[in-house]
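What follows is a single structure, written as C-alpha cells, with notes after it.
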Amino acid sequence: MSTAKTVFRNAFFSYGRTLIAAVLTLFSSRWILSDLGASDFGLYGLVGGVLTFVTLIAGVLNQGSNRFMAYATGSADVLEVRRWFNVAANVYFCLPIILLPIGWVLGDVFVKCVLKIPPDRVAVSLWIVRFTLLSLTATLLSMPYQSLLIARQHIHIYAVVMLCQSIGTFLIALALPHCPGDHLIVYGALMSVSMIVMQLVFIVVCRRMCPDGRICWTYWWQWARVHELAMYSGWMFVGSIGMFLREQGLNVIVNWMRGTAANAGRAIGHQLGAQTETLYNAFAMALNPEITRREGAGAHDKMLALAKRSERFGMIIMLLVGLPLFCECEYVLTLWLKNPPAYAVFFTRIQILIAILCKMRIGHMMCFQAIGKAKPQQLVDFAFYTTTILVVGCVYCMTRSLEVSFYSYVAFQVCYMVAYVIVGSRYFEWPLVTLLREIVVPATVLFVIGCGLFYGFECLWAVPSFGRLSVSTLLSCVYIGLGSLVFILKREDRFVLGNLVSKIRGRVREL
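Here it is in C-alpha cells:
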C-alpha cells in the first residue's frame, strides 16, 4: 500500500473512532455526573489524577518506543523493529515491580494528608487508588504492543480497539444507576476491569497482526539499546513530570480555593475542552509515524515539509472545532449536563484556548521526536510547566480571583510557545518568524474576528437554542474554511486538498 493510501486509511479510521468516541464520552460523562453527583465526580478525577505520574511514565516510554520503532521502519534492516520491540518489552515488564509500591504509598499520602476530602469519603478514595493501580499495571504490560501497532502504521486496528474502550465506558454509564452499593467504588471497579480487558485485547491483536510482536530473549538484554531508550525516554520524562506537577498543582490550588465542587467543574471543562483536540489528535496520530519514518529513511527535507503541512492543516481543524464550542460553550454544557457544575463554562473556555495555543507548535514537537532531540524540548517543557503553578498561585494570592489566576495561565502559555519554537529553530529550519507569519497571526486574527462575529450574531438571535447552535456552527465552519484557504494554506496545500477532494468524489461515484 502506498504512503498516501496508508495515511488516508489511518486518518479515516482515526477520525471515525474519534467522532463516535466523542459522542459516547459526552453521553457517558453526563450520566456518570448525574449518578455520582458533582462532589464524587470531582473526587474521582482528583484522586485518580494523583497516580497520573505512573501514566506519564508509561506514556513517556511509549513515545520513546514509538519513535525508535517508527524510525526503524525507515531503515533497511527488517529485524530492527523486532529488536526494539523486545527492548521495550523488557523495560515495560519490569516497571510494575518498581512503580506499584511507589504508587501505593504516594496515593495513601495524598489522600490522607494532602487533598481536601470529606472524612466519610477517605476510605472510598483509597479504593479508587487501588483500582487505578491495577488498570495502570495492565496498561504498562500492553504498551510495547501498542507501540508496535502504531510503528507498523496499523492505526486502523488501534482505533478500533480504542473505540471498544469508549463503548465499555458508555455501557458502564448505562449500568451504573442500577448497581448496588457505593456507586463511586462500583464505578472505579468497573472502569478498572474495562481497562484491563482492553489491554489484553491489544496484546492478542498485535500478536496476530505483527510478526515482530514476539518475545525473543536474545534481544531483551541488548543493554546499549536499553540505555538509548532509557536516555531518550528519561528526557521525555523530565517534561512529563513537569506536566504532572502542573496539572496536579492546579488541581490542588482549585481544591484549596473552592473545594471538590470546583474540581468537578475543572474536570468537566477538561473533558469538553479536550473534545476540541480529538480530531486533531486523530490527524496527528495518522501522520506522526510517517514523519518519523521519513527521518529514519534519510529524507529530512520531506520530513520537515510534512511536519509543516500537518501544523497548518491541524490548526484549521482546531479552529473549526474550537471556535463554535468556545462561543456556544454555556449552551452546550447546559444541553449536555442540564445543570453543569460551578466554573464548568469558565474552565472549558480556558481549556479550549490552551489547546489552540499548544497545537500552534505541535509540528515542532513532531520534528523533535523524529530527529531524536529530546533534551532541549523537555527542558523547556519542564521549566514552563512548573513555573505555571507559581504564576497561577502568585496571581491568586494578589487578586484572590480564580478567573484572573487562570487568565494568567493562558497568557503564560503564549510565552511557553514562543520559547519552544525559538529552541526548535536551532535544530531544524523553522524559525519563529515563519511560524508567526504562517500560523500564529492568521489563526489568532481568525479566532478573534470569529468571536466578534458570533457576539454580533448573538444580538440578533438572543435566545440560546439548538437551532442557533446549528446555524452558528455552520456559519463558523464556512468562515474558518474560507479564511484558512486565503490566509493559512499555501498553494501546494490547496493543491493537495483539491486532489483529496477529487479522490473522495471518485470513490463516491464508484459506490
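When we follow the numbering used here, the leftmost residue of the sequence shown carries the number 2, and every step to the right adds one. Positions of the beta carbon are idealized from the N, C-alpha and C atoms, including for glycine.
Checklist line | Which of helix, strand or coil DSSP assigns to isoleucine 216 | finding: Coil.
Next item on the list: Could you pull the start and end residues of the alpha helix (DSSP H) that leucine 80 belongs to?
Entry: Per DSSP, leucine 80 belongs to no alpha helix (DSSP H) and is neither H nor E.
Next item on the list: Look at leucine 358 and valine 415 and say whether their C-beta atoms are less than 8 Å apart.
Entry: Valine 415 is positioned such that its CB atom lies closer than 8 Å to that of leucine 358.
Checklist line | Cβ pair count under 8 Å reaching 3, the region 338-353 against the region 264-283 | finding: Here the region 338-353 makes contact with the region 264-283; the two share three or more CB pairs at distances below 8 Å.
Note to self: Going by beta-carbon coordinates alone, are threonine 138 and proline 325 separated by less than 8 Å?
What the structure shows: Against a cut-off of 8 Å, the Cβ pair of proline 325 and threonine 138 comes out as no contact.
Notebook entry, point to check: In the structure shown, what three-state DSSP assignment does histidine 271 receive?
Noted result: Here histidine 271 sits in helix by DSSP.
Notebook entry, point to check: According to the neighbour-count rule (16 or more other Cβ atoms, all chains shown, within 10 Å of its Cβ), is lysine 309 buried or exposed?
Noted result: The residue is buried, with at least 16 neighbouring Cβ atoms inside 10 Å.
Check: So is glycine 43 in contact with chain E if we call contact Cβ pairs under 8 Å?
Finding: The structure shown contains no chain E, having only a single protein chain.
Check: Hey, quick one: how far does the alpha helix (DSSP H) through glycine 189 stretch, first residue to last?
Finding: Looking at the DSSP string, the run of the alpha helix (DSSP H) that includes glycine 189 is 184-210.
Notebook entry, point to check: Are the Cβ atoms of leucine 447 and isoleucine 481 separated by less than 8 Å?
Noted result: Taking 8 Å as the Cβ cut-off, leucine 447 and isoleucine 481 qualify as a contacting pair.
Next item on the list: Would you kindly report the start and end of the unbroken alpha helix (DSSP H) that includes alanine 300?
Entry: Per DSSP, alanine 300 lies in no alpha helix (DSSP H) segment and is marked neither H nor E.
Margin query: To the nearest angstrom, how far is the alpha carbon of isoleucine 423 from that of glycine 484?
Written below: Approximately 27 Å, taken between the alpha carbons.
Checklist line | proline 443 versus tyrosine 344: straight-line alpha-carbon distance, rounded | finding: Cα to Cα, proline 443 sits roughly 30 Å from tyrosine 344.
Checklist line | Residues near alanine 371 by beta carbon distance below 7 Å, same chain, minus five either side | finding: Take alanine 371, set aside five residues on each side of it, and the residues of its chain with a beta-carbon closer than 7 Å to its own are Ile292, Thr293, Glu296 and Met304, in chain order.
Notebook entry, point to check: Could you give the distance in angstroms between the alpha-carbon of isoleucine 353 and the alpha-carbon of leucine 80?
Noted result: Rounded to the nearest angstrom, the two C-alpha atoms are 43 Å apart.
Next item on the list: Count the CB pairs spanning the region 329-341 and the region 394-405 that are closer than 8 Å, and state whether there are at least three.
Entry: With fewer than three CB-CB distances shorter than 8 Å, the region 329-341 does not count as touching the region 394-405.
Notebook entry, point to check: Got a sec? Which residues, its chain only, sit under 6 Å from aspartate 382 by beta carbon, not counting five neighbours each side?
Noted result: So the qualifying residues of the chain are Gly240 and Gly243.
Notebook entry, point to check: Can you tell which of Ile489, Thr26 and Gly323 has its C-alpha closest to the C-alpha of cysteine 165?
Noted result: Cα-wise, what sits closest to cysteine 165 is Thr26.
Item checked: Backbone secondary structure at glutamate 329 - three-state DSSP -> Under the three-state reduction of DSSP output, glutamate 329 falls in the coil class, being neither helix nor strand.
Check: For the candidate residues Val434, Thr388, Leu150 and His184, whose alpha-carbon lies nearest to that of aspartate 36?
Finding: Minimum Cα distance to aspartate 36 is reached at His184.
Next item on the list: Starting from isoleucine 355, follow the alpha helix (DSSP H) in both directions and report where the run begins and ends.
Entry: Run containing isoleucine 355: 345-360, per the alpha helix (DSSP H) assignment.
Check: Going by alpha carbons, who is nearest to glycine 373 out of Phe429, Met210 and Val106?
Finding: When each option's Cα is compared against that of glycine 373, the closest is Phe429.
Next item on the list: Would you list, in sequence order, the uninterrupted alpha helix (DSSP H) runs of no fewer than 4 residues that lie entirely inside the region 395-460?
Entry: Look at the region 395-460 and you find these whole runs of alpha helix (DSSP H), each 4 residues long or longer: 403-425 and 433-436.
Checklist line | Run of the alpha helix (DSSP H) containing phenylalanine 488, from where it starts to where it stops | finding: For phenylalanine 488, the enclosing alpha helix (DSSP H) starts and ends at 467-488.
Next item on the list: May I ask you to report which of helix, strand or coil DSSP gives cysteine 114?
Entry: When DSSP states are grouped into helix, strand and coil, cysteine 114 belongs to the helix group.
Notebook entry, point to check: When DSSP labels each residue in this structure, what does asparagine 252 get in the three-state scheme?
Noted result: Here asparagine 252 carries a helix assignment [DSSP, helix/strand/coil].
Item checked: Local Cβ density within 10 Å of lysine 117, reported as buried at 16 or more and exposed below that -> If you draw a 10 Å sphere on the C-beta of lysine 117, you find fewer than 16 other C-beta atoms in it, and that means exposed.
Margin query: Determine whether the beta carbon atoms of isoleucine 355 and valine 411 lie at a separation below 8 Å.
Written below: Yes, the Cβ-Cβ distance between isoleucine 355 and valine 411 is below 8 Å.
Note to self: Comparing C-alpha positions only, which one of His271, Cys95 and Gly46 sits nearest to glycine 189?
What the structure shows: Answer by Cα proximity: Gly46.
Check: If you pair each beta-carbon of the region 138-152 with each one of the region 83-101, do three or more pairs fall below 8 Å?
Finding: Short answer: they touch.
Next item on the list: Look at the Cβ atom of valine 128, then the Cβ atom of isoleucine 186, and state whether they are nearer than 8 Å.
Entry: It should be pointed out that residue 128 corresponds to tryptophan in this sequence rather than to valine. For the pair tryptophan 128 and isoleucine 186, the CB atoms are nearer than the 8 Å cut-off.
Next item on the list: Starting from the Cα of histidine 155, find the closest Cα among Ser402, Gly214 and Val255 and give me that residue.
Entry: Taking only the C-alpha atoms, the option nearest histidine 155 is Gly214.
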